[in-house]
Each structure stands twice: as structure tokens, then as C-alpha cells.
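S.K.: If you scroll down you'll find the structure; I have some questions about it.
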Amino acid sequence: MSFAALFVIGMDMMQPTTPPKPGSGPIPAVKTCQVGFLPNERKIAVITTGKEVTGEILRLPDRKQVLSAKGSAPRMDPDSGDNVSHLDFSHLQEPGQYVVSVPGLGESTPFEIGPNIFAKPFRMAIRSFTGQRSGIDVSLAPDFPEYRFPAGQTELAKYHSSSGKTGTRDVRGGWYDAGDYGKYMVNSGITTGTLLLAFERNAAKLAGLKLDIPETGKSKLPDYLSEIKWNLDWMLKMQDEDGGAWHKATTAQFSGFVMPAEDRADLLIIGTGKAPYKNTTATANLAAVAAIASRVFRKYDPEYADRCLRAAKSAFEWCQKFPRELYQQQPEGIGTGGYGDGEPDDERLWAAVELYRATGEARYHDFFLELVKKWPETFGEAPVPGWQDLRPLALLGYASIQGQLVDPEFQKRLRQDLEKSADAVVQRIQRNGYLMPLRSSDYIWGSNGVVANYAMVLQMANSIIPKESYRQAALDCLHHLLGRNLWGTSYVTQVGTKWAKNPHHRPSGADKLEEPWPGLLVGGPNADNGQKPPARQWFDLTESYRTNENAINWNAPLVFALAEYLGTTP
Ligand code: 9MR
């Protein structure tokens with residue numbers, strides 16, 4: 241066993257099982273979203289005291305009382321173990337800075353009411369991807385000039401014996417997956433797809449945004465798309481001549497807490513270890529993402545769009561030939577992230593629908609309609625995608641098709657099922673003490689990513705079946721991530737007033753800066769080890785990779801959800 245493997249096991253044993261001492265400080269009794277609220281939405285603070293309370297909303301900076309509100313009767317919230325009451329101050333619509341004050345109990349962090357409250361968090365969340373860039377010098381200037389590092393992974397990668405090839409390959413570029421420096425096709429798939437779908441939905445708002453990234457002012461692409469292209473180019477490099485894509489490009493083991501350029505172990509192209517060496521989940525992800533990209537980039541760079549479409553089609557054909565090549569067992573000596581998935585049909589379903597939307601070709605449509613019969617249900621109780629389940633994105637894609645031939649009966653059924661499912665999510669949020677969507681069993685690794693995906697799905701549902709309750713529920717998910725949670729802490733680094741301080745993020749751990757890199761959504765409560773109550777299983781500790789790592793697939797739905805409110809007017 242290598243030193244690195246010992247290091248990882250060692251960290252797991254260090255996972256605290258007793259109640260945490262969050263690095264983010266004592267838990268306040270008055271909790272609200274630390275970013276704030278849109279003027280015309282429901283505004284609720286969560287109070288944990290167990291008593292009936294009356295609170296005041298004070299305007300800042302003069303602390304003039306603008307509203308007084310009575311809290312709801314306290315009730316137990318089982319997933320957090322907290323006795324919660326809700327203080328509703330929705331009447332307050334006047335833009336400004338405020339705090340909620342409950343005499344004798346305390347005060348919330350300050351927050352804003354205004355139409356553009358999410359603009360800055362959006363910028364930080366999308367620019368966190370710039371901070372994950374491999375193969376290029378990184379700097380978060382001008383906003384955060386001290387956050388920078390020299391390029392990592394500047395050499396060619398070596399084919400690992402599991403890849404079926406020998407020699408080297410250029411797989412420079414791309415985004416590091418998370419707090420580690422691996423690059424994984426499967427997780428790149430959902431991430432890049434989500435970000436592209438956000439652009440497709442909000443093109444008018446996103447196209448003109450200046451992000452101050454290396455390409456700003458030098459490219460014909462909108463900055464947002466330049467950022468995505470950085471990773472998309474890497475995904476294209478991971479495709480072999482036969483159309484299939486290798487699983488990942490990582491070192492053999494996770495590095496220690498060093499800056500990217502100091503991770504000097506060989507970068508390896510890793511495959512399944514047996515012919516055809518590439519696998520179906522990685523390849524179908526590429527097919528789906530490149531198909532979406534062919535639509536999104538067409539207006540700005542038709543040649544690149546064509547290249548993406550060719551890649552998507554050849555990847556799709558590869559999956560037709562090899563429908564069930566799985567990466568389930570790591571090759572010997574490889575200990576980086578697994579992203580093993582025993583079911584590639586949901587990825588293929590996603591690829592089919594995105595290729596159909598890109599080309600209008602009947603064969604993709606026919607394939608989709610045939611494959612989708614495999615599952616008796618469509619949208620269930622938890623209609624959210626994850627890296628191992630792309631079916632919700634595939635179904636949402638089909639449900640949203642307009643102006644292209646569809647099976648009207650099936651699309652109608654999908655939309656009805658989506659409505660039922662989204663209505664149930666709304667009810668769950670309303671019943672939850674912290675107004676969030678998770679069921680007790682949903683506190684998995686990356687549960688904050690699940691919450692962000694709920695926001696995205698509710699926004700998508702709102703476009704297909706417009707309902708104010710969906711819009712509000714999506715906002716409630718964001719408010720939860722941004723501070724209205726049991727810790728009264730924003731799960732997004734440097735967003736709000738009091739945020740997760742110690743993400744399991746190598747640059748944050750290895751640099752000499754006091755605060756973590758900005759705009760990172762940490763994984764959040766993870767009760768997959770059976771510990772209770774589930775919402776309390778979050779540890780703001782660098783070593784808690786199970787609960788406090790950042791990951792691109794969690795930041796992507798955060799970006800998606802925040803993009804929705806850019807340029808919102810009151
Ligand atoms: O997000 C992944 C989670 O669903 C898995 O349970 C976990 C263990 O396999 O891995 C998570 O992904 C990690 C990946 O394997 C390596 N980079 C960091 C990712 C986030 O923790």
C-alpha cells in the first residue's frame with residue numbers, strides 16, 4: 241500500500257463522529273440567507289429557540305425598525321434535530337440592507353433585499369471554475385488578486401496500461417474535478433452539460449457578461465463560453481480515434497495538500513484495463529455534452545460547433561457498438577476517484593435526446609423513445625440528476641422540446657409526471673424546518689450539490705409548467721445553501737458573512753492565505769455512514785473530504801440556479 245493510500249485511509253479515520261466544532265464558529269439562533277432576498281419573494285428567517293418569539297427587521301445602517309413579526313409556533317425538524325419557528329417578513333419589499341433581530345436571542349447576519357443580489361455570488365461561482373483550471377497559470381484577479389498559482393499538469397500524460405495504448409498523449413487543460421487534481425470524464429459530463437444548458441436558457445443575459453478570465457477581450461466567444469471551452473477541449477482530447485473516451489486522467493494516487501504545479505507525479509490516461517479500454521458512461525457523457533455544445537457554440541464559432549457535433553456522433557456510435565463497457569473496478573495501483581457506474585443507459589438516453597435536439601435526426605429520436613421504455617416511471621420523488629444518473633436531464637430535455645417533432649402522448653405524460661413530482665418537492669420544502677428539499681435519505685456525499693440540482697430542476701420545471709411555487713421553491717434551495725441552514729453558515733466560500741472556512745480543497749489548504757478560495761460550494765452533510773441526525777453530519781474541517789470538499793459538479797448547478805436571477809427587475 242502506498243503512502244498516499246495510507247494518507248487517505250488516515251483521513252477517513254480522522255472523520256469526527258462526535259458533534260462538530262465548526263470552524264465557522266458558534267451556531268446562531270437567528271438564521272437567514274446571508275445574501276438576501278429578491279423584493280417580490282417570500283422572506284423567512286428560521287429561529288431555533290423552542291419558544292414563541294417576536295422579531296424585528298432593522299434597516300441598516302441606522303437600525304431603524306421597519307417591521308415586527310411574530311414567529312410561527314415552534315416545531316421539531318427531525319433531520320436537524322432543531323426546534324424551529326419561522327419568522328415571515330415577506331411584506332418587506334423595499335430594497336436595502338437589513339438584519340433580523342430577536343430581542344434576547346440575537347441577530348441574523350446582515351442581508352440585502354434587492355433585484356440584483358445574486359449577481360456577485362454568480363460571478364464568484366462561475367469564476368471558481370477559472371480557479372480549477374489545469375495547464376494554465378491561474379489568477380482570480382481583479383476581484384481576488386492574491387488567489388493565484390502557476391500552471392499544473394503542463395506535461396504530456398502517459399498512457400497507463402489500462403488504457404490499451406503506450407506512449408504519451410496531450411490531455412492538457414480542463415478543470416480539476418474538486419479538491420483533488422484529477423480530471424474525470426463522467427463528472428466533467430454532467431458539469432459541462434449543466435453549464436451549457438444554463439447558457440442555452442439564459443443566453444441573452446450571459447452572452448454579454450465580462451468575467452475577466454484569460455480569454456476576455458481576445459476571443460469571439462462570450463467569456464462564459466470561453467470558460468466552458470477550457471474543459472470541453474479537454475473532453476474532446478480524451479476521445480480516441482474510434483470514438484470512445486477514456487475514463488480519466490489522474491495521477492495514480494491523490495497528491496498531498498500541495499499547489500497544482502507541485503503535484504509532480506505522472507498524469508496517466510486510465511481506462512478499463514480490457515478491450516475496448518474506453519467505457520460507455522464516459523463516452524455517452526461526451527456525446528451528450530458535445531451535442532449541446534454544437535447547439536450553443538454554433539452562433540459564435542460554427543467550425544467548433546461542427547467539430548463538437550462530429551465528436552458527439554462518433555461517441556454515440558461507439559456506445560451503440562459497446563453499450564455496456566463499464567468502469568467499475570479500479571486498475572491495480574490506481575486510487576484516485578472512481579466514478580464507477582454500473583448503469584450506462586441513462587447516459588445514453590441523455591446523449592440521444594441532446595443529439596436529437598441538435599440534429600433533428602429521427603434515429604436519435606427513435607432510440608430515445610425505445611430506450612426510455614426501460615424504466616416504468618419517469619420523474620419520481622427525487623427528480624434530480626447526479627453524476628451517476630443523467631436520466632432526469634434526459635427527461636427534462638425531452639419535456640422541454642418545442643418546434644421539433646415529438647411523440648405528443650409521451651411528452652404530455654412526461655409533463656404531467658414532472659408537475660406531480662415538482663409539486664411534491666414544493667410540499668416537501670414547505671414542510672421542512674429549513675425550507676429545503678432533501679428527504680432524510682438524501683443526505684449523501686455532496687448533498688449540497690443535490691440541493692443545488694433541485695433548484696435547477698425546479699427552474700426548468702417552471703419553464704415547462706409555469707408556477708410561482710416552483711420559482712419560490714428554487715429560491716428557497718439557494719437560500720438554504722447561502723446561510724438559512726442549521727449552522728447559519730453559507731456553504732459557498734466567501735459568499736455571505738459567515739462561510740465554510742476549511743474546504744477540502746488543495747489550493748486552499750496549501751496556500752498561505754487565511755480564507756479559502758472564493759465561490760466554492762462544499763459537499764455538505766453526508767450521513768451515508770448512518771450517523772444521525774443527517775443534517776448535522778457536516779464538518780467544516782479540511783480533512784473532512786466526505787463533507788467539506790468542493791466539486792465542479794456541485795458548483796455547476798449553483799451557477800445554473802444563480803444565472804436565473806441575473807438582471808432581474810423588482
Ligand atoms: O461525488 C462523488 C460521490 O458521489 C462518491 O460517493 C465519492 C466516493 O467515490 O466520490 C465523490 O467524488 C469525488 C471523486 O471521486 C474524486 N474527486 C473528488 C470528488 C468529490 O468528493
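Counting from 241, one number per residue, gives the positions in the sequence shown under the numbering used here. Even for Gly, the Cβ is constructed at its ideal location relative to N, Cα and C. Please read these numbers as outputs of a predicted model, since none were measured by experiment.
1. Going by other Cβ atoms of all chains shown within 10 Å of its Cβ, with 16 needed for buried, is Ala444 buried or exposed?
2. Excluding sequence positions up to five away, which residues of its chain have a Cβ less than 7 Å from the Cβ of Gly263?
3. Would you mind reading off the limits of the alpha helix (DSSP H) that contains Ser534?
4. Pick from Ala551, Gly407, Thr521: whose alpha carbon is nearest that of Ala181?
5. Who are the Cβ neighbours of Ser242 in its own chain at under 7 Å, not counting the five residues just before and after it?
6. May I have the straight-line CA-CA distance separating Ser325 from Asn672, to the nearest angstrom?
7. Run through the DSSP bridge pairs and tell me what Asn790 is partnered with.
8. Going along the chain, which residues of its own chain have a beta-carbon closer than 6 Å to the beta-carbon of Arg668, five neighbours each way excluded?
9. Between the alpha carbons of Tyr416 and Ser534, how many angstroms are there, rounded?
10. Taking only the alpha-carbon atoms, compute the straight-line gap between Ala714 and Ser459 and give it to the nearest angstrom.
11. Give a yes or no on whether the C-beta atoms belonging to Thr431 and Ile792 are separated by under 8 Å.
12. Please list, in chain order, all residues of the same chain as Tyr694 whose beta carbon is under 7 Å from its beta carbon, the five residues on each side excluded.
13. Are at least three pairs of beta-carbons, each pair with one atom in the stretch 509-529 and one in the stretch 468-487, less than 8 Å apart?
14. Between Ala527 and ligand 2, is there a pair consisting of the residue's CB and a ligand heavy atom that are separated by less than 7 Å?
15. Between the Cα of Lys398 and the Cα atoms of Leu307, Ser495, Val339, Asp506, which residue gives the shortest distance?
16. Between Tyr517 and ligand 1, is there a pair consisting of the residue's CB and a ligand heavy atom that are separated by less than 7 Å?
17. How long is the line joining the alpha carbons of Phe537 and Asp328, rounded to whole angstroms?
18. Use the C-beta contact count for Asp546: other C-beta atoms within 10 angstroms, 16 or more gives buried, fewer gives exposed.
19. Is Ser681 helix, strand or coil when you go by DSSP?
20. Tell me whether Lys423 is buried or exposed, calling it buried when 16 or more other Cβ atoms sit within 10 Å of its Cβ.
21. Compare the Cα-Cα distances from Gly413 to each of Leu476, Lys360, Arg282 and report the closest residue.
22. Which residues does DSSP list as the beta-bridge partners of Phe384?
23. Starting from Ala489, follow the beta strand (DSSP E) in both directions and report where the run begins and ends.
24. At 4 residues or longer, and completely inside the stretch 617-669: list those alpha helix (DSSP H) runs for me, N to C.
25. Our contact map puts Pro390 next to Ala501 with C-beta atoms below 8 Å; I'd like the distance itself, whole angstroms only.
26. Could you give the residue range of the alpha helix (DSSP H) that holds Ser330?
27. Taking Cβ positions, are Tyr421 and Ser495 nearer each other than 8 Å?
28. Please report how far the alpha carbon of Ala602 lies from the alpha carbon of Trp474, in whole angstroms.
29. For Met544, which residues of its own chain have a beta-carbon under 6 Å away from its beta-carbon, when the five flanking residues on both sides are left out?
30. Is Glu583 close to ligand 1? I mean its beta-carbon at under 7 Å from any heavy atom of the ligand.
31. According to DSSP, simplified to helix, strand and coil, what is Gly400?
32. Taking 7 Å as the line, does the beta carbon of Trp685 fall inside it for any heavy atom of ligand 1?
M.R.: Taking the definition as stated:
1. Taking the first residue of the sequence shown as 1, we reach residue 444 at position 204. Counting Cβ neighbours within 10 Å, Ala444 comes out exposed, since fewer than 16 surround it.
2. Start at 1 with the first residue of the sequence shown, and residue 263 comes out as number 23. Interpretation of Gly263 is limited by its pLDDT of 48, a score under 50 that renders its predicted location unreliable; the figure taken from the coordinates is listed afterwards. For Gly263, where only same-chain residues beyond five positions count, the Cβ hits under 7 Å are Lys741, Asn742, Asp780, Leu781.
3. Along the sequence shown, read from residue 1 onward, the residue named residue 534 stands at position 294. Run containing Ser534: 520-537, per the alpha helix (DSSP H) assignment.
4. Because the chain here runs from 241 to 810, residue 181 falls outside it and cannot be looked at.
5. Here the question's residue 242 lines up with position 2 in the sequence shown. Here the model assigns Ser242 a pLDDT of 33, short of 50, so the residue's position is not dependable and the matter cannot be decided.
6. The residue you call residue 325 lines up with position 85 of the sequence shown. The residue you call residue 672 lines up with position 432 of the sequence shown. Their backbone Cα atoms lie some 11 Å apart in a straight line.
7. By one-based count along the sequence shown, residue 790 stands at place 550. Per DSSP, Val762.
8. In the sequence shown, counting from the first residue as 1, residue 668 sits at position 428. Pro677, listed in sequence order.
9. Position 176 of the sequence shown, counted from the start, is the residue given in the question as residue 416. Position 294 of the sequence shown, counted from the start, is the residue given in the question as residue 534. So the two alpha carbons sit approximately 23 Å from each other.
10. Along the sequence shown, read from residue 1 onward, the residue named residue 714 stands at position 474. Along the sequence shown, read from residue 1 onward, the residue named residue 459 stands at position 219. Approximately 34 Å between the Cα atoms of the pair.
11. Along the sequence shown, read from residue 1 onward, the residue named residue 431 stands at position 191. Along the sequence shown, read from residue 1 onward, the residue named residue 792 stands at position 552. Yes, Cβ-Cβ distance for Thr431 and Ile792 is below 8 Å.
12. Counting from one through the sequence shown, the residue named residue 694 turns up at place 454. Cβ neighbours of Tyr694 beyond the five flanking positions: Val624, Val665, Pro677, Cys717.
13. yes
14. This structure simply doesn't include ligand 2; it includes ligand 1 instead.
15. Sequence index remark: in the sequence shown, residue 398 carries index 158 (1-based). Measuring from the Cα of Lys398, the nearest candidate turns out to be Asp506.
16. The residue you call residue 517 lines up with position 277 of the sequence shown. Flag unset: Cβ of Tyr517 not near ligand 1.
17. Walking along the sequence shown from the start, residue 537 turns up at place 297. Walking along the sequence shown from the start, residue 328 turns up at place 88. The straight-line gap from Cα to Cα measures roughly 44 Å.
18. On the sequence shown, residue 546 is found 306 positions in, with the first residue counted as 1. Exposed is the call here.
19. Taking the first residue of the sequence shown as 1, we reach residue 681 at position 441. The answer is helix: DSSP assigns Ser681 an H, G or I state.
20. Reading the sequence shown from its first residue, position 183 is the one you call residue 423. Lys423 comes out buried.
21. Stepping through the sequence shown from its first residue, residue 413 is reached at position 173. Of Leu476, Lys360, Arg282, the residue nearest in Cα terms is Leu476.
22. To locate residue 384, count along the sequence shown from 1; it is residue 144. In the DSSP output, where bridge partners are listed per residue, Phe384 has Leu380.
23. Along the sequence shown, one-based indexing puts residue 489 at 249. Element bounds for Ala489: 488-490.
24. 631-639
25. Taking the sequence shown and counting its residues from 1, one reaches residue 390 at position 150. Taking the sequence shown and counting its residues from 1, one reaches residue 501 at position 261. Right, the Cβ-Cβ distance comes to about 5 Å (below 8 Å), so this counts as a contact.
26. Within the sequence shown, the letter at position 90 stands for residue 330. It is not in any alpha helix (DSSP H) - Ser330 carries neither H nor E in the DSSP assignment.
27. On the sequence shown, residue 421 is found 181 positions in, with the first residue counted as 1. On the sequence shown, residue 495 is found 255 positions in, with the first residue counted as 1. A contact, by the Cβ cut-off of 8 Å.
28. Numbered from 1 along the sequence shown, position 362 holds the residue referred to as residue 602. Numbered from 1 along the sequence shown, position 234 holds the residue referred to as residue 474. Taking the straight line from one Cα to the other gives about 30 Å.
29. The count along the sequence shown starts at 1 and reaches residue 544 at position 304. It should be noted that the sequence gives Tyr, not Met, for residue 544. Closer than 6 Å at the Cβ level, and outside the excluded window around Tyr544, lie Phe537.
30. Taking the first residue of the sequence shown as position 1, residue 583 is located at position 343. The answer is no for Glu583.
31. Within the sequence shown, residue 400 is the residue found at index 160, counting from 1. Correcting the residue type first, residue 400 is His in the shown sequence and not Gly. Here His400 sits in coil by DSSP.
32. Indexing the sequence shown from 1 puts residue 685 at position 445. Yes - ligand 1 has a heavy atom lying nearer than 7 Å to the Cβ of Trp685.
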